[in-house]
Amino acid sequence: MHQTRRGVLRTTGAALLVGGLAGCNEANSESTATETSGSTGTSSSSESSGSTDTSSSESEPEAATASAETAVAAEWNAMRARLFDAVALGTAGSFADGASVAQNVFARFEQSSGEWGAHEQLEATNEQVYESFESNLGELGSALEAGSLDEARDAASDADQQLQSAIRGRTDAGTAAAFDLQLLGTRVKNAAVVAPVDAEAAVTVAERAMEAFEASEVHDLVEEADSESYGAFEGGVESVVDAADSGDVEAAQSAADDALAAAVSGSYAVSGTPAVAGTGHLSTYQAEAFDAAALSGLGGPSTDFAHAAALTLYRARVDDAGWLYAAGESDAARSAVRSVFQHFEGARAHEALEEASEEAYTGFEDDGLSALIEAIDAGDDEGVSSAISTIHESLVTGVTTLGSGPEPAVLEAGYFRSRLGDARELFEAGDMAGARAVAQGLFQTFEANEADFHETLEETSAELYETFEEEHLVGAIEALDAGNAEEADAHLTGAMGALLQFEAEAGTVAHVSDAEAGFMAARGFDASGVAALGRTERAATIVQETFAGFEEGAGGFHEALEEADEELYETFEAELSAISEAASGDGDVTAAAQAFNAEAVAAMYAVVRSSGDSFGGMAGALAQDVFVDFEEARVHELLEEADEGTYETFEERLGAFIESMSGETLSAFAAATLRAQFAVAGALDRAPVDAGEGDSGESGGDSDLQGGPNVVEGIPDDADHVVAMQAVAFEPKELTVSVGDTVAFEHVGGEPHTVFAYEDEIPEGAAYWASGGFESQEAAEAGWEEGAGAIQAGESYVHTFETPGTHGYYCAPHEAAGMVGTIVVEE
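Right, dumping it as structure tokens:
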């Protein structure tokens with residue numbers, strides 16, 4: 001039912017945009033911000049800007065009028081800018097960051113309460129457009145989480161068009177045109193944000209903004225109203241493209257500043273009313289502050305990626321146990337598995353895997369590691385194989401859940417490098433058939449597109465794809481078939497080199513570093529395994545080769561680790577050398593490999609932690625640019641004259657944000673900017689935030705809403721589990737409980753929530769359950785329309801699960817944003 005509803009929402013929104021909003025002006029409803037070319041629905045190509053009524057583009061609009069509607073429209077425009085922030089981040093490969101932006105936009109929209117808040121006003125403008133906007137915003141986040149850039153562009157375009165249509169319905173043509181131009185300026189500024197991360201992405205972002213400008217109605221309007229600003233904007237965009245293309249980040253950022261300044265200047269001419277353009281100009285400052293915050297968090301992956309890298313290393317270690325067992329070394333194999341188990345119990349990745357997927361967590365520990373130990377003890381070959389397969393399946397699920405975009409594929413490449421190393425050791429020991437089996441298994445895994453590796457490699461570089469698969473992996477299999485050790489070694493080495501190159505092209509240095517830390521730790525355990533077979537000289541050689549690869553740079557890992565933590569870097573090298581020393585001196589190679597493993601895992605987290613600060617200086621400069629621009633801007637005087645207190649608060653909050661770059665100060669500045677928008681628009685008394693508010697007004701309770709018999713204050717002492725209801729997400733999203741367990745769904749953030757079971761997603765024979773005590777999904781949704789079933793701040797909904805099976809549920813007001821969950825009840 002819920003999937004159908006979402007489809008209806010999107011379709012309805014498209015129809016409304018084509019037909020126009022009731023009460024709207026007759027301006028063209030095609031978006032100036034269209035993101036995809038040739039897409040279906042309302043996501044029209046930026047080459048098409050025509051409409052059924054082109055009267056608004058045939059003459060200049062009359063002078064705009066400032067009002068409370070202007071301030072609300074400016075806030076919608078800030079949200080439009082953030083839609084394209086998310087897409088720009090996705091274009092640069094930072095899908096997780098883009099998804100986070102989309103979720104933040106949804107959360108801020110939901111919290112924009114009050115009569116003149118962006119949320120209430122959009123719903124009052126047209127409820128179906130409001131619902132479609134929320135649905136598309138949810139789809140934007142989902143697409144970015146899945147690493148689908150095309151779908152993200154479609155969703156952003158649809159959401160943008162809904163907001164643009166609302167702006168045109170609530171304001172005049174001059175205001176709408178001015179805000180469209182300002183939006184285009186902020187889109188160009190996005191190129192400055194992603195330029196330090198991905199120059200090619202910056203070029204794409206700037207070029208798409210220019211395409212949208214050339215296809216828009218405001219193109220001709222600004223050319224006629226202010227040819228100087230028109231020329232400066234186009235020249236600025238061209239300079240951004242040239243600078244980014246040549247790798248000059250500073251020049252690209254400067255040119256983006258010029259383009260935004262030209263767009264703002266042109267907006268004053270297009271609107272004909274300083275207060276209107278100034279209100280919108282303030283919203284661009286809000287957008288720029290969010291850009292600065294986004295850049296400060298770029299440069300490296302999240303901690304979840306480090307967790308995923310640590311989990312990937314377990315895969316290589318379990319494979320080593322498998323070939324030790326196959327070689328008749330059951331004791332060594334059992335010891336290797338137990339070592340993995342012991343390490344996992346104390347690892348940072350332990351809780352991360354459990355939260356990411358309880359099924360994967362259980363599969364790894366119980367059906368995987370425990371079953372593998374039992375099978376080794378029993379000499380059960382089939383059981384060993386089955387348990388190892390379960391471990392891989394479970395860990396891949398965890399990695400793909402924790403990673404985003406190309407991250408799982410980068411880690412898969414590192415894992416493949418480890419397995420190719422295993423193949424080398426097998427044929428070095430004279431086991432050509434075993435080496436071939438490993439290579440053939442990798443070929444099959446690659447073709448199955450595990451962790452989206454096959455597709456990502458091919459999309460990243462068709463040449464690398466052919467080099468890896470056709471030239472080297474297939475070549476290695478053929479050479480091993482023929483018993484040609486020299487040729488097999490060359491192909492295996494070539495395949496490993498191609499994979500390292502892929503890691504560097506698909507990810508950042510931090511991504512490569514974590515993949516390589518796992519690879520090196522895996523090679524350390526290879527040395528341990530080889531030594532256990534009595535081949536200590538070869539064990540020492542493995543370590544020496546690994547050390548040499550690290551000294552050669554290892555895709556930037558060497559330098560990244562040294563910069564992240566010099567002491568850890570020195571320990572890392574020392575412990576790696578210690579493995580070789582143990583092998584050469586009849587020492588405990590396994591203990592040495594385990595000691596090095598601890599340093600390798602620590603390195604994963606250290607590099608990720610350090611990489612997050614890579615662009616802090618640039619982000620601070622972007623934020624400082626806002627202050628510098630404001631001091632010289634026309635809106636500076638407009639705001640000061642409108643209300644001195646609001647003006648002073650705006651500057652104070654901006655200064656605090658520049659100083660700390662924290663989420664708290666960013667929210668405070670955004671609230672101050674929103675209030676400033678209403679002041680300049682001449683409607684300060686209608687501002688949805690008070691002078692002292694530090695955020696956008698998170699709900700603390702609504703007297704019109706009612707919980708019901710099973711909604712209580714706090715969390716009951718007898719609750720067995722707690723699900724936290726964040727602004728737009730249940731955490732954990734999936735929870736496994738036992739029959740008779742009581743779950744408390746606690747409100748911890750955002751607007752009021754509900755917990756309604758999907759009637760067709762609960763076990764047969766189970767009684768329907770929902771906050772509010774409703775007896776059916778239809779009754780629950782009807783009740784919510786009347787304000788019943790709400791869970792507000794400080795409250796929780798409590799339910800005891802008596803029927804085993806899978807129970808799907810959702811939050812009614814936030815379902816479109818993906819706020820759904822699952823409770824698995826076991827007997």
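Anchor point for the sequence shown: position 554 equals 554 in the UniProt record's numbering, and the numbering is continuous, going up by one each time.
Note that CB positions come from ideal geometry on N, CA and C, so glycine has one too.
With distances taken from CA atoms, which of Arg535, Val607, Gly328 is nearest Thr572?
-> In the sequence shown, counting from the first residue as 1, residue 572 sits at position 572. According to the sequence as given, residue 572 is Phe; it is not Thr. The shortest C-alpha separation from Phe572 is found at Val607.
For Ser580, which residues from the same chain have a beta carbon less than 7 Å from its beta carbon, with the 5 sequence-adjacent residues on both sides left out?
-> By 1-based counting over the sequence shown, the position of residue 580 is 580. Closer than 7 Å at the Cβ level, and outside the excluded window around Ser580, lie Ala540, Val543, Gln544.
Within the chosen definition, does the region 765-783 reach the region 126-141 through at least 3 CB pairs nearer than 8 Å?
-> no
Can you tell me the Cβ-Cβ gap for Val711 and Ile791, rounded? I've got them flagged as a contact below 8 Å.
-> To locate residue 711, count along the sequence shown from 1; it is residue 711. To locate residue 791, count along the sequence shown from 1; it is residue 791. Indeed, because the Cβ distance is near 6 Å, the residues count as touching under 8 Å.
DSSP bridge partner residues for Val712 (one or two, in chain order) | Here residue 712 is taken as the residue at index 712 of the sequence shown, counted from 1. DSSP, once it has assigned bridges, lists Ser796 as partnering Val712.
For Ala293, which residues from the same chain have a beta carbon less than 6 Å from its beta carbon, with the 5 sequence-adjacent residues on both sides left out?
-> Translated into positions along the sequence shown, residue 293 becomes position 293. Around Ala293: Leu666.
Would DSSP call Gln544 helix, strand or coil?
-> Start at 1 with the first residue of the sequence shown, and residue 544 comes out as number 544. Three-state DSSP puts Gln544 in a helix.
By DSSP, does Leu705 sit in helix, in strand, or in coil?
-> Taking the sequence shown and counting its residues from 1, the one referred to as residue 705 is at position 705. Reduced to three states, the DSSP call for Leu705 is coil.
Close beta carbons around Thr279, own chain, < 7 Å, minus the five adjacent residues each side = One-based indexing of the sequence shown puts residue 279 at position 279. Closer than 7 Å at the Cβ level, and outside the excluded window around Thr279, lie Ala66, Thr70, Ala71, Ala74, Gln677, Val680, Ala681.
In angstroms, rounded to a whole number, what distance separates the CA positions of Ala202 and Ala92?
-> As a first step, residue 202 must be located in the sequence shown, where it is residue number 202. As a first step, residue 92 must be located in the sequence shown, where it is residue number 92. Roughly 8 Å between the two C-alpha positions.
Gly236 versus Glu200 - alpha carbon distance = Taking the first residue of the sequence shown as 1, we reach residue 236 at position 236. Taking the first residue of the sequence shown as 1, we reach residue 200 at position 200. Looking at the two C-alpha atoms, the distance is approximately 17 Å.
Assign Ala724 to one of three DSSP states: helix, strand, or coil.
-> Taking the sequence shown and counting its residues from 1, one reaches residue 724 at position 724. Strand at Ala724.
Alpha carbon of Tyr524 to alpha carbon of Ile391, nearest angstrom = Counting from 1 along the sequence shown, the entry for residue 524 is found at position 524. Counting from 1 along the sequence shown, the entry for residue 391 is found at position 391. Note that residue 524 is Gly in the sequence shown, not Tyr. Near 21 Å, if we compare the C-alpha coordinates of Ile391 and Gly524.
Going by other Cβ atoms of all chains shown within 10 Å of its Cβ, with 16 needed for buried, is Asp377 buried or exposed?
-> For the purposes of this step, residue 377 is identified with residue 377 of the sequence shown, where counting begins at 1. Asp377 is exposed by the Cβ-count criterion.
To the nearest angstrom, how far is it from the Cα of Leu372 to the Cα of Glu566?
-> The sequence position of residue 372 within the sequence shown is 372, counting from 1. The sequence position of residue 566 within the sequence shown is 566, counting from 1. Rounded to the nearest angstrom, the two C-alpha atoms are 39 Å apart.
Take Ala578 and list the residues in its own chain whose beta-carbon comes closer than 6 Å to its own, dropping the five residues that flank it on each side.
-> Position 578 of the sequence shown holds residue 578. Result list for Ala578: Ala592, in chain order.
Exposed or buried, which one is Asp760 when buried takes at least 16 other CB atoms within 10 Å?
-> Here residue 760 is taken as the residue at index 760 of the sequence shown, counted from 1. It is exposed - the Cβ of Asp760 has fewer than 16 other Cβ atoms within 10 Å.
For Asp720, collect the residues of the same chain with a Cβ closer than 6 Å to its Cβ; drop the 5 residues on either side in sequence, then sort them by chain order.
-> Taking the sequence shown and counting its residues from 1, the one referred to as residue 720 is at position 720. The answer, listed in chain order, is Asp741, Thr742.
Proximal residues to Pro813 (C-beta, below 6 Å), its chain only, five neighbours per side dropped = As a first step, residue 813 is located in the sequence shown; it is residue number 813 there, counting from the start. Closer than 6 Å at the Cβ level, and outside the excluded window around Pro813, lies no residue.
How would you label Ala88, buried or exposed, when you count the other beta carbons within 10 angstroms and need 16 or more for buried?
-> The residue given as residue 88 occupies position 88 in the sequence shown. Buried, since its Cβ has 16 or more Cβ neighbours within 10 Å.
Would you give the residue range spanned by the beta strand (DSSP E) that His747 belongs to?
-> Within the sequence shown, the letter at position 747 stands for residue 747. First-last of the beta strand (DSSP E) with His747: 742-747.
Glu785 burial status per 10 Å Cβ neighbour count (16 or more: buried) = Here residue 785 refers to the residue found at position 785 of the sequence shown. Result: exposed.
Quick one: Cα of Ser267 to Cα of Ala166, how far?
-> For the purposes of this step, residue 267 is taken as residue 267 along the sequence shown, with counting starting at 1. For the purposes of this step, residue 166 is taken as residue 166 along the sequence shown, with counting starting at 1. Distance between the alpha carbons of Ser267 and Ala166: 19 Å.
Which class does Ala66 belong to by DSSP, given the choice of helix, strand or coil?
-> Taking the sequence shown and counting its residues from 1, one reaches residue 66 at position 66. Three-state result, Ala66: coil.
Assuming Glu559 and Gly553 form a contact by the criterion Cβ under 8 Å, report the distance between their Cβ atoms to the nearest whole angstrom.
-> As a working note, residue 559 is residue 559 in the sequence shown. As a working note, residue 553 is residue 553 in the sequence shown. Sure, about 7 Å apart at Cβ, within 8 Å.
Are the beta-carbon atoms belonging to Thr102 and Ala670 less than 8 Å from one another?
-> Mapped onto the sequence shown, residue 102 falls at position 102. Mapped onto the sequence shown, residue 670 falls at position 670. A small correction: the amino acid at residue 102 is Ala; Thr does not occupy that position in the sequence shown. Not in contact: Ala102 and Ala670 (Cβ atoms no closer than 8 Å).
Count the C-beta pairs between the region 305-320 and the region 330-349 that are closer than 8 Å, then say yes if the count reaches three, no if not.
-> yes
6 Å Cβ shell around Val824 - same chain, five flanking residues per side excluded | For this step, residue 824 is matched to residue 824 along the sequence shown. Taken in chain order, the residues that qualify are Thr736, Thr806.
Rounded to whole angstroms, what's the CA-CA distance from Pro752 to Phe106? Just pull it up for me.
-> Stepping through the sequence shown from its first residue, residue 752 is reached at position 752. Stepping through the sequence shown from its first residue, residue 106 is reached at position 106. Distance between the alpha carbons of Pro752 and Phe106 is about 14 Å.
Kindly indicate which three-state DSSP category Met820 falls into: helix, strand or coil?
-> The sequence position of residue 820 within the sequence shown is 820, counting from 1. According to the sequence displayed, residue 820 carries Val and not Met. Looking at Val820 - three-state DSSP - the assignment turns out to be strand.
Alpha carbon of Ala192 to alpha carbon of Gly247, nearest angstrom | Along the sequence shown, read from residue 1 onward, the residue named residue 192 stands at position 192. Along the sequence shown, read from residue 1 onward, the residue named residue 247 stands at position 247. Spanning the two alpha carbons is a distance of roughly 12 Å.
Is the beta carbon of Val399 less than 8 Å from the beta carbon of Pro406?
-> Along the sequence shown, one-based indexing puts residue 399 at 399. Along the sequence shown, one-based indexing puts residue 406 at 406. It is not a contact, given that the beta carbons lie outside the stated cut-off.
Helix or strand or just coil, what does DSSP make of Val512?
-> By one-based count along the sequence shown, residue 512 stands at place 512. Reduced to three states, the DSSP call for Val512 is helix.
Let me know if Ser776 comes out buried or exposed under the rule of 16 or more other beta-carbons within 10 Å of its beta-carbon.
-> For the purposes of this step, residue 776 is taken as the residue at position 776 of the sequence shown. Its Cβ having fewer than 16 others within 10 Å, Ser776 is exposed.
Who does residue 831 pair with in a DSSP beta bridge?
-> This structure leaves residue 831 out entirely; the chain is present only between 1 and 827.
Could you pull the start and end residues of the alpha helix (DSSP H) that Gly497 belongs to?
-> Start at 1 with the first residue of the sequence shown, and residue 497 comes out as number 497. Residues 485-506.
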